[in-house]
Amino acid sequence: MADRMTVRAGNAPPASRPEQLRNVVLIGCSGAGKTTLAESLALAAGAIGRAGRIPDGNTVSDYEDIEHSQQRSVQLAVLPLEWNGCKVNLLDPPGHPDFGAELRAGLHAADAAVFVVSATDPVTTPTRALWRECAAAGIPRAIVVAKLDVARSGFDDILTACHDAFGLGTDTLRPVYLPVFADGRPCGSLGLLTGRSYGEPGPCPEAEAARESLVEAISGQDDTLMERYLAGEPLDEEALTDGLRREIVDCALHPALAVTDDGVGAAELLDLITGAFPDPTHRREPAPAADPDAPLAAQVIRITGDAYVGRISLVRVFSGTLLPDSHVYLAGAAADSGEPTDEKVTTLTGPFGKLQRPVPEAVAGDIVCIPKLAAHIGDTIGDTDEQSVLETWTLPVPLLPIGVEAHSKTDEDKLSQALTRLTAEDPALRLEQNPDTHQLVLWCTGDAHAEVALDRLRNRHGVHVDTVPYQVALRETFGGNASGHGRLVKQSGGHGQYAICDLEVEPLPTGSGFEFREHVVGGAVPKGFIPSVEKGVRAQLEKGVATGHPLVDVRVTLVDGKAHSVDSSDAAFQTAASLALRDAAGHTSIRLLEPVAAVAVTLPDDYLGAVLSDLSARRGRVLGTEVKGPGLSLLRAEVPEIELARYPVELNSLVHGNAEFSRCHLRYELMPDALAAQVAR
């Protein structure tokens, strides 16, 4: 492997056929060793030097300043490598759960996934969820055990733990390379199908039994191979590799091997990827067939901003061939107008981490970048305006609200445009201008995601903001029946203003909304002004009568009033009705209503007691639990939203990242008087 460790120009040459391509996404939690593995693979392929850097000094995957300060990946990196005549597009998304949108973009662009499992830590709940997600989508998967050189557990023990955690069937998880140890540390490996040794050769007494088990698993799904195997006929390497590829593509077998931080196992993994992983022609439905001569069908996977180039779109070509200096059409739900728009592709570049280098074309299955394309993430790129829209992927729901305000007048002038660009680059961000509290809110997936968003807003877009506490939108209602009198009598020359309203207000059950009635006797309020009274009441309901929150769940009845033949008007009766409602509020108590959310938490059984206690402390009502999987429970509860402002972060801390959380608005309920008094102050 040493002769491959020379520094090259950076990225692999373009592929001329889809069969020469392999698109592989690395999946693993933070600290599992995923980015270290990506750099080991780049080193083994000769794309970087031993220092783990590409020729201009940038790091391979983590090149944003905040990635160095946080010591974690925050964006999807693409590393094209050349190995065995193939171009391997290695997609390295962040492992932190806050950046799930980057991971799902990588999953959508890839044809296979490599799950990186640390030998020092158990398989986390998010990793198990991603495995189930890949299984449901039919994505071929392999397992790489990292950090075996620093763990006390053996390779077989880790595979057994993965087998149990992922709920795999018999014979579906098989090592294809066995690690060879010297002085208790991995020093190389042995290929079970090829018999080839990597690194430092050494004894591996369990190799023969492991090979027999692997050959049986491969042959069991192929009648021809099974007949040859049962007849005692030797099975050649090519036949076994073809059988392994079929098993991997059909998700009937998941190959496993071990790697170390110093590169042992990297060449083996590249051999496995190029020899047995699916190429784009095996792309699962409903994506179009990977035919370079077919009509163009590509999709925008992610968008980044560059201070010099501007917007850069990362694009996966599914069919056809994408060429520079060509006209394309953008379509999809994410497009501005919903109608196909004509765009000019000036140049194509091949990404290698932060670097961009021009490429002559991108055939079906390849991944390239297009600068200055007015696209949105998920948009379909075609060569006609009748291109079918490609299916998009599910994004994580942002559940952590961050209130933001412009730091200065200069920032305020630029804030709107900067936030528009920021949310276009990061679809996991949701921008909300709350109509009740009038607060500008950035909904993020967690603290790490919020920190990255604010850093990009400041350093990439030049806008400084201050974070402020999130304000939950409350509601008011009447605590009892009350009557109110509204009188507007003004004379200032010419037509005056005259309107008198008498209202009766009574509370309704929670969730009833607003009812308006009129029981006016003798035409005290002319019929033509009764709609004006209702309009004035509704306007005051929106403003509230005590704390500034909207007033709901009341019945308002117009019972009396007076009008003037000349000075009464629509505006006058609207004002009088508003005054009457405020007057009624002064004759009874005003209660606050708070929003309640339906909460679902998927977590390991070991943390169930702690989470239940925490929800009780948040005034939550637990509805019940159910079995979600081996060692997993699904907990359902109803919790006041004011208690959930920081819940995603606090839950993550409570269960050490081993839980999934969702919420949705359910209804409004009366807030306890003691808490309402604190809020009203």
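The sequence shown begins at 780 in the working numbering and counts up by one. Ideal Cβ positions, reconstructed from N, Cα and C, are used throughout, including at glycine. Predicted, not measured: the structure shown is a model, and the values here were computed from it.
Same chain, Cβ closer than 7 Å to residue i, five either side skipped, listed in chain order
{"i": "Gln1353", "result": "Ser1311, Lys1314, Gly1315 and Ala1318"}
{"i": "Pro1248", "result": "Gly1182"}
{"i": "Thr1256", "result": "Pro1286, Leu1330, Val1331, Asp1332, Val1333, Arg1370 and Leu1372"}
{"i": "Ala1359", "result": "Gly1263, His1264, Gly1265, Cys1280, Asp1281 and Leu1282"}
{"i": "Phe1295", "result": "Glu1313, Val1316 and Val1335"}
{"i": "Cys1443", "result": "Ala1376 and Ala1377"}
{"i": "Gly1236", "result": "The amino acid occupying residue 1236 in the given sequence is Leu; Gly does not appear at that position. So the list reads Ala1197, Leu1201, Val1242 and Val1244, once near-sequence residues are dropped."}
{"i": "Ala1303", "result": "Asp1339, Gly1340 and Lys1341"}
{"i": "Ala794", "result": "Leu800, Lys866, Val1142 and Asp1145"}
{"i": "Pro1139", "result": "Pro793"}
Cutoff 6 Å; reference residue i; Cβ partners in own chain excluding five residues on either side
{"i": "Ser998", "result": "Leu1004, Met1005 and Tyr1008"}
{"i": "Gly836", "result": "Its pLDDT being 44, under 50, Gly836 is placed unreliably by the model, and the measurement read from it follows with that caveat. Hits under 6 Å: none found."}
{"i": "Pro1357", "result": "A quick correction: the sequence has Ser, not Pro, at residue 1357. Excluding sequence neighbours, Ser1357 sits near Gly1315 and Gln1319."}
{"i": "Glu1405", "result": "Leu1413"}
{"i": "Pro876", "result": "Pro905"}
{"i": "Pro872", "result": "Leu855, Glu881, Leu882 and Gly885"}
{"i": "Gln1457", "result": "none"}
Assigned secondary structure, residue i (DSSP; H/G/I helix, E/B strand, else coil)
{"i": "Gln1078", "result": "strand"}
{"i": "Thr1003", "result": "helix"}
{"i": "Gly836", "result": "Confidence is the limiting factor: at Gly836 the pLDDT is only 44, short of 50, which leaves the residue's position unreliable and the question unanswerable from this model."}
{"i": "Glu1230", "result": "helix"}
{"i": "Ser1105", "result": "strand"}
{"i": "Pro1175", "result": "coil"}
{"i": "Val1390", "result": "helix"}
{"i": "Arg1317", "result": "helix"}
{"i": "Arg920", "result": "strand"}
{"i": "Ala1113", "result": "Low per-residue confidence applies at Ala1113: pLDDT is 48, beneath 50, and the placement is therefore not dependable, though the value from the model is reported in the following sentence. It is coil, neither helix nor strand."}
{"i": "Cys966", "result": "strand"}
{"i": "Ala1279", "result": "For the sequence presented, residue 1279 should be read as Ile rather than Ala. Here Ile1279 sits in strand by DSSP."}
{"i": "Ile1334", "result": "Correcting the residue type first, residue 1334 is Arg in the shown sequence and not Ile. In this structure, Arg1334 counts as strand in the three-state DSSP scheme."}
{"i": "Phe1131", "result": "strand"}
{"i": "His1343", "result": "coil"}
{"i": "Asp1245", "result": "strand"}
Any chain D beta carbon closer than 9 Å to residue i
{"i": "Glu1047", "result": "The structure shown has no chain D; it contains just one protein chain."}
Same chain, Cβ closer than 8 Å to residue i, neighbours up to 5 away in sequence not counted
{"i": "Arg796", "result": "Pro1071 and Val1142"}
{"i": "Ile1027", "result": "Ala891, Pro919, Ala921, His1033, Pro1034, Ala1055, Phe1056 and Pro1057"}
{"i": "Pro1288", "result": "Asp1332"}
Whole-angstrom C-beta distance between residue j and residue i, which should lie under 8 Å
{"i": "Pro1278", "j": "Ala1364", "result": "One detail in the question is off: residue 1278 reads as Ala in this sequence, not Pro. Contact doesn't hold; Cβ gap of about 19 Å is too wide."}
{"i": "Val1176", "j": "Ala1035", "result": "With a Cβ gap of about 33 Å, Val1176 and Ala1035 do not count as contacting."}
{"i": "Ala823", "j": "Ala1046", "result": "5 Å"}
{"i": "His1274", "j": "Asp1346", "result": "6 Å"}
{"i": "Val1418", "j": "Gly1225", "result": "With a Cβ gap of about 18 Å, Val1418 and Gly1225 do not count as contacting."}
{"i": "Ala908", "j": "Asn802", "result": "Incorrect: roughly 22 Å between the Cβ atoms, too far for contact."}
{"i": "Leu805", "j": "Leu870", "result": "7 Å"}
{"i": "Leu1101", "j": "Ile1080", "result": "Not really, about 13 Å apart at Cβ, beyond 8 Å."}
{"i": "Asn863", "j": "Thr1020", "result": "Actually they are not in contact, since the Cβ atoms of Asn863 and Thr1020 sit about 12 Å apart, beyond 8 Å."}
{"i": "Val896", "j": "Ile937", "result": "7 Å"}
{"i": "Arg975", "j": "Gly1084", "result": "With a Cβ gap of about 45 Å, Arg975 and Gly1084 do not count as contacting."}
{"i": "Glu979", "j": "Ala961", "result": "6 Å"}
Within 9 Å, strictly: CB atoms of residue i and residue j
{"i": "Arg1425", "j": "Val1375", "result": "no"}
{"i": "Gly1099", "j": "Val1168", "result": "no"}
{"i": "Asp851", "j": "Ser809", "result": "The displayed chain sequence assigns Arg, not Asp, to residue 851. Yes, these two residues count as a Cβ contact at 9 Å."}
{"i": "Ala1325", "j": "Val1380", "result": "no"}
{"i": "Ala898", "j": "Ala1066", "result": "no"}
{"i": "Leu957", "j": "Cys941", "result": "no"}
{"i": "Gly1461", "j": "Tyr1108", "result": "In the structure displayed, the chain extends from 780 to 1460; residue 1461 sits before or after that span and is not available."}
{"i": "Ala826", "j": "Asp900", "result": "no"}
{"i": "Gly1399", "j": "Glu1422", "result": "yes"}
{"i": "Lys1151", "j": "Asp1040", "result": "no"}
{"i": "Leu1433", "j": "Val1401", "result": "no"}
{"i": "Thr1128", "j": "Ile1082", "result": "no"}
{"i": "Leu1233", "j": "Trp1222", "result": "no"}
In DSSP terms, what residue i is bridged to
{"i": "Leu1093", "result": "Arg1081 and Cys1148"}
{"i": "Trp1222", "result": "Pro1180 and Arg1209"}
{"i": "Cys865", "result": "Trp862"}
{"i": "Asn802", "result": "Asn868"}
{"i": "Leu1413", "result": "Thr1381 and Glu1405"}
{"i": "Pro1483", "result": "In this structure the chain extends from 780 to 1460, so residue 1483 is not present and cannot be described."}
{"i": "Gly1161", "result": "Ala1076 and Tyr1108"}
{"i": "Pro1264", "result": "Checking the sequence shown, residue 1264 turns out to be His, not Pro. Answer by DSSP bridge pairing, in chain order: Asp1281."}
{"i": "Ser1098", "result": "Ala1076"}
{"i": "Pro1374", "result": "Tyr1447"}
{"i": "Arg1235", "result": "In DSSP, Arg1235 forms no bridge with anything."}
{"i": "Tyr977", "result": "Ser968"}
{"i": "Leu1169", "result": "According to DSSP, Leu1169 bridges with nothing at all."}
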